[in-house]
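Undergrad:
Chains as they are written, first to last, in this note's numbering: chain A, 1 to 337; chain B, 1001 to 1441.
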């Protein structure tokens, strides 16, 4: 019995907790991609860099606070700096939209052209970010490290396995739930949110009923910037900030958005968790878990890992391919494709 | 403005720049730029076949270039018999199990009616194959990588002439492209983009981490060359007399000759491909492809099997990119998976195609040559500009150090800006697509 309790704790510690935190981060990223897709109708490849830029602003603001000698106890400074970072990101997206995307929108260019344009934006942003903050790895989490330490849990339960919950993980879940909750409330209940959904459903009909398209587009960018900044900062707090990572994060985020159903916000959240849990579960080495649950003679001596962590992002790709093959519109029906 | 758009003028300007580089910097650098420019032009040709002819968005050129490069290793590297005897049998057995499972699954899907039970059987067979093959594979890999890890630790290649790999690389990539195309074509254009992006990353990750295959990040160096070595050339009497007449050292002469012969090899391939592409573009086939690109629905209504044709074009273009990848490894004489960066191998090629003129093979060629020259020369020029700008700041200033330290990162932003400017102001490129055969013959 004790063995099973240990096994359950082990999985909670190494699968469930990191999976939930990572899932929240991916879900926020995928929500941004999905929003831009449903309103502007193209896949925004610059979204990863937008997350990166938001995180960079948060780091700058954090440094600013730290230079002023402010600290917020167990709460990471970056969390307090978040609103400032969000404002900066909003300025960035609105400027990019005005300077770059608007031209193609008015010309009614093919979405593929907009996609290529977003690749150009991605590179400009990536270059500027690396120029401003440098390509190095940075940690900027200055709050309390842990909420729950493995040792405390072990002592309390009298078991040999414990559960660790990092502050950054708890904050991730909390902030992500609030952000997603507000977004859904906005889309479902407010008039502007309804306008946005109407615009995404049928552009012509929305125009006919007097919805101002430029306003909706601006709003979509603002929401995407907010979500991206939060997602990037949470990811950076949880792991570390490295500009290079966000290019690789693009694949899981797109996979999450498509798996859930591109253009469907709820789908983006579900997709985020599907991708996150598959990644964590397939790269985890199950040796210790099997040692607890199987009779000693049956325990294999290898790592019992489905895939090495080097191929982490291949998992999101495989899931993406499976979805494209069997259910191209995603788990929840997304846009007609 | 019209002369500026004249292809002869543009190619002439490129030639003048090349000569200037040869005179001001060095002949070897100029030939190096030309050689890599020719390879880039072939890659651009491949992407142009996909994007320009058919409107397929492939942003995974890096993956296909890497497949071509790896094929160069498999074809040309010396075989490692010790590694084969250590782990070859287990490896082949694992491969056999996987292939067997694939065959069984295919047969099951053919014979059984589509049902939940069939899916469960498929899954069970797959899982069983995994459980059997995984330990075999692990054992084989461990044994292979243990064979003289400092020098080999991989299976090696066939020891065949490296020129063969140009063809074989294209074939291998064609196979990969077939699989990807089967999955991602026929869906939204975005999906092909995301799928190719993903597959490129996965290919490079495999080449980096599977040491038994290509030595991973330990790199394969010293691949055999299709052209003579400098050390042999310096001893040849005609090289000596040539260097005497031209007034260069024999070493320089040999290096120049080697680079020149590479350039000739690449140029031959490029011209052959260019000729084939031009012929294809003018043939009814090219007309049909453009018709599909411009109005897919109408083409479908005319009874054209759009998905099948897209698949063909996708395979063709990817094979061409892979051929260029194999040529690149041939030129370098080494295979270094760590150097496969999306910026250099995917997006640079895209910039070449778009600036050169999508849909026009000559445009792709010009874009490849010019953008590669720009890419090489942008670094010294950019650094010079940045140093000039920060000269106002005092020595040892923190901001000055930061800017100088990170100036290299600006290349990324510059290339992005170039792409955006081209898309905005010359969306049809330097040599736009010709509006040929609209006469309805």
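Idealized CB from N, CA, C, for every residue including glycine.
1. For residue 116 of chain A, return the contacting residues in chain B, with the cut-off set at a CB-CB distance below 8 Å.
2. Using 8 Å as the limit for Cβ to Cβ distance, is residue 1193 of chain B near chain A?
3. Between residue 36 of chain A and residue 1398 of chain B, what straight-line distance do the alpha-carbon atoms span, to the nearest angstrom?
4. Counting along the chain, where does the beta strand (DSSP E) carrying residue 147 of chain A start and finish?
5. Relative to the C-alpha of residue 164 of chain A, which candidate in A:155, A:75, A:147 and A:281 has its C-alpha closest?
6. Check whether the Cβ atoms of residue 1101 of chain B and residue 1131 of chain B sit closer than 8 Å, and answer yes or no.
7. On the DSSP letters alone, give me the boundaries of the alpha helix (DSSP H) that residue 131 of chain A sits inside.
8. Going by beta carbon distance, what residues of the same chain come within less than 8 Å of residue 136 of chain A, once the five residues before and after it are set aside?
9. Where residue 1136 of chain B and residue 1094 of chain B are concerned, what is the direct C-alpha to C-alpha distance, given to the nearest angstrom?
10. Determine the chain A residues that contact residue 1415 of chain B at a beta-carbon separation under 7 Å, and present them in chain order.
11. Using 8 Å as the Cβ pair cut-off and three pairs as the minimum, do the region 1159-1178 of chain B and the region 1311-1328 of chain B touch?
12. Tell me, please, whether the region 9-29 of chain A touches the region 158-174 of chain A by the rule of three or more beta-carbon pairs shorter than 8 Å.
13. Strictly below 7 Å CB to CB, what residues from chain A border residue 1410 of chain B?
14. In its own chain, which residues sit with a C-beta less than 7 Å from the C-beta of residue 1019 of chain B, not counting the 5 before and 5 after it?
15. Below 9 Å between beta carbons is the criterion; list the residues of the region 26-57 of chain A that meet it against any residue of chain D, in chain order.
16. How is residue 154 of chain A classed by DSSP in three states: helix, strand or coil?
17. Counting Cβ pairs closer than 8 Å, one from the region 1367-1385 of chain B and one from the region 1035-1052 of chain B, do we hit at least three?
18. Per DSSP, residue 1079 of chain B forms a beta bridge with which residues?
19. In terms of DSSP beta bridges, what is residue 138 of chain A paired with?
20. Where does the unbroken alpha helix (DSSP H) through residue 169 of chain A begin, and where does it stop?
21. Of all the options A:28, A:2, A:5 and A:15, which has the alpha carbon lying nearest to the alpha carbon of residue 272 of chain A?
22. Please name the residues in the region 1276-1300 of chain B whose beta-carbon is closer than 7 Å to at least one beta-carbon of chain A, in chain order.
23. Does the region 1216-1229 of chain B come into contact with the region 1182-1190 of chain B, if we say contact requires no fewer than three beta-carbon pairs (one atom in each stretch) closer than 8 Å?
24. Just the chain B side, please: which residues come within less than 7 Å of residue 325 of chain A by C-beta, in chain order?
25. Cβ atoms of residue 46 of chain A and residue 61 of chain A: under 8 Å apart, would you say?
26. Buried or exposed for residue 99 of chain A, going by 16 or more other Cβ atoms inside 10 Å?
27. Between residue 265 of chain A and chain B, is the shortest Cβ-Cβ distance under 8 Å, so that the two count as touching?
28. With a threshold of 8 Å between beta carbons, is residue 112 of chain A in contact with chain B?
29. Using beta-carbon positions only, say whether residue 1057 of chain B and residue 115 of chain A come within less than 8 Å of one another.
30. Answer yes or no: does any C-beta atom of chain A fall closer than 8 Å to that of residue 1209 of chain B?
31. Have a look at B:1358, B:1166, B:1277 and B:1216 and flag the residue whose alpha-carbon is nearest the alpha-carbon of residue 1266 of chain B.
32. Nearest-angstrom Cα distance between residue 1347 of chain B and residue 314 of chain A?
33. Between the region 1106-1138 of chain B and chain A, which residues of the former have a C-beta closer than 8 Å to a C-beta of the latter?
34. Between A:153, A:134, A:168 and A:131, which lies nearest to residue 143 of chain A when the distance is taken from Cα to Cα?
35. Between the Cα of residue 1340 of chain B and those of B:1159, B:1329, B:1204 and B:1169, spot the shortest distance and give me the residue it belongs to.
36. Over the uninterrupted alpha helix (DSSP H) stretch that includes residue 1230 of chain B, give me the two end residues.
TA: According to the structure data:
1. 1057, 1350, 1354, 1419 and 1423
2. yes
3. 39 Å
4. 146-148
5. A:147
6. no
7. 111-133
8. 242
9. 6 Å
10. 123
11. yes
12. yes
13. 127 and 131
14. none
15. Absent here is chain D; the protein component of the structure consists of chains A and B.
16. helix
17. yes
18. B:1156
19. A:241
20. 167-189
21. A:28
22. none
23. no
24. 1183
25. no
26. exposed
27. no
28. yes
29. yes
30. yes
31. B:1166
32. 21 Å
33. 1135 and 1138
34. A:168
35. B:1204
36. 1230-1233
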